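Colleague: Submitted below is the structure of interest, expressed as structure tokens.
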Amino acid sequence: MFVDHRPNFTFIFIYSFIIANIFLIIYLYFKTPQLDNLYEIYKEEIKRIYGNEQFISMNLNNSNGNCGSIGDMMWRTASMYMIGKLLNRTVYYESIYKCFTEYKQEFEITFRNGGQVIKLMNPKQKYIKKISFGIDSCDFDSPYRLEVENAQIIQVTGSEFKSFKYFDDSREEIHKMFEFNEDIKLAADEAAEGIFRNYTPEYRLCLHTHRHEYIEAGQASTLEFIEGSIKFVMKRPIK
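Here the sequence shown is numbered in this note's numbering, starting from 3 and rising by one per residue.
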């Protein structure tokens, strides 16, 4: 029986082609700039556009592009403002999200300094360094660990920042940020007169609690907890 011992050139060609492509892919991976570090390549271009100013933003994609209620937005802007101040970075909100532009208008109508709270920008993604920070909405993530970042524009992966620790030492500044416009104050005074007309306690308090999605999750605060919390707060000195 005749056995053909000649090399199978078709097999050798295919095998060599596959190996060559694997090495080519590896080479291109390490030689081609990756999306996550394109900002390094465009440093000079970024500086020409934005000067020496440094920026920070948050990633609303983690909230499915949803800003949430006005309370959620106030948490976000208060925390981001203090993070930006600590890092000497200007906070911006991506104008590609409709809810940011809508809340900018609402803040201008509602708050005395509302027009200064939300700065809209839309830098190219290749200019931005993405950083894992503040992923858990209610947990505090120390902004000091962002001090080592030298990219001109950074974006943190978190989107809510619902921890009082971000601004606990700057309450007066945050109160000033969210000081209501005079027409809002007058409307509130008129409403309060109607609500509390027959009451003469030392303190008059109308409390709003956020319960909507917490009810569905079975985590909504009970009346006993809310009343107990009010008594606890009222015993503390007002800062």
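All residues carry an ideal CB built from backbone N, CA and C; glycine is no exception. In this text the structure is predicted, and so the values were computed from the model without any measurement.
Take T34 and list the residues in its own chain whose beta-carbon comes closer than 7 Å to its own, dropping the five residues that flank it on each side.
Modeller: Low per-residue confidence applies at T34: pLDDT is 47, beneath 50, and the placement is therefore not dependable, though the value from the model is reported in the following sentence. So no residue of the chain qualifies.
Colleague: Considering V235, what are the terminal residues of the alpha helix (DSSP H) in which it resides?
Modeller: L225 to M236
Colleague: On the CB-based measure, 16 or more other CB atoms within 10 Å of its CB, does I58 come out buried or exposed?
Modeller: buried
Colleague: Three-state secondary structure (DSSP) at E96?
Modeller: strand
Colleague: What number of angstroms, rounded off, separates the C-alpha of I120 from the C-alpha of I156?
Modeller: 17 Å
Colleague: Roughly how many whole angstroms lie between the Cα atoms of R213 and I72?
Modeller: When rounded, the distance between both Cα atoms is 14 Å.
Colleague: Using DSSP's beta-bridge definition, name the partner residues of S59.
Modeller: Q157
Colleague: Tell me whether D74 is buried or exposed, calling it buried when 16 or more other Cβ atoms sit within 10 Å of its Cβ.
Modeller: buried
Colleague: Residues in its own chain within less than 8 Å of I232 by CB, not counting five upstream and five downstream?
Modeller: L207 and L209
Colleague: Which residue from E181, E229, L188 and G220 puts its Cα closest to that of G117?
Modeller: E181
Colleague: Are the Cβ atoms of M84 and Y216 separated by less than 8 Å?
Modeller: no
Colleague: Following the continuous beta strand (DSSP E) through I133, name the residue where it begins and the one where it ends.
Modeller: In the DSSP assignment, I133 falls within the unbroken beta strand (DSSP E) covering K131 to I133.
Colleague: Excluding five sequence neighbours on each side, which residues of the same chain lie with their C-beta closer than 6 Å to the C-beta of S139?
Modeller: E162 and K164
Colleague: Consult DSSP for T34 and reduce its assignment to one of helix, strand or coil.
Modeller: Residue placement at T34 cannot be trusted, given a pLDDT of 47 that sits under 50; what the coordinates show is reported in the next sentence. Under the three-state reduction of DSSP, T34 is assigned to coil, being neither helix nor strand.
Colleague: Are V158 and N61 touching if we call contact CB-CB under 8 Å?
Modeller: yes
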